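Heads up, the thing below is written out as C-alpha cells.
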Amino acid sequence: MVNPNELERKVLEALKTVIDPEIGISIVDLGLIREITADKDGNVHIKMTLTTPGCPLMNLLLLSAEEAAKSVEGVKSVKVELVF
1297 MVNPNELERK VLEALKTVID PEIGISIVDL GLIREITADK DGNVHIKMTL TTPGCPLMNL
1357 LLLSAEEAAK SVEGVKSVKV ELVF
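Remember, our numbering sits 1296 above the position in the sequence shown when you count from 1.
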C-alpha cells in the first residue's frame, strides 16, 4: 500500500521532467496537467490538456507523461486522460 497524496506529489514532480519540444517548457509549467489522482494500490489517473486541440505532438506528450508517471516508485498503473 502507498500513500495516495505522496504518490500524487511524486508523480507531479516526475511530470515536470516532460518538456514540450516545440516550446521548451515542462508540461507542468505550461499548465497542461489538470488533475492527478492516485489510490492506495498505486493506480494513477492523470487528466491533461494540450496547448492546442490539434497539437501535432499529442501522442508524444501523452506517452511521455505516462512513462514519467510509471517511473515513480509505487506506481502500478497509469491512465492519462486527455481533457479540454
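Glycine included, every Cβ here is placed at the ideal spot set by N, Cα and C.
These numbers were taken from a predicted model, which means no experiment stands behind them.
At 3 residues or longer, what runs of the beta strand (DSSP E) sit wholly inside the region 1305-1361?
1329-1334, 1339-1344
Should K1306 be labelled buried (16 or more other beta-carbon atoms within 10 Å of its own) or exposed?
buried
How big is the Cα-Cα spacing for G1327 and N1339?
22 Å
Return the CA-CA distance between V1314 and L1357, expressed in angstroms with no decimal places.
8 Å
Check the DSSP bridge columns for E1377 and list the partner residues they point to.
K1343
Work out the CA separation of P1349 and D1364 for me, nearest whole Å.
Here residue 1364 turns out to be Ala, not Asp, going by the sequence shown. Taking the straight line joining both Cα atoms gives about 22 Å.
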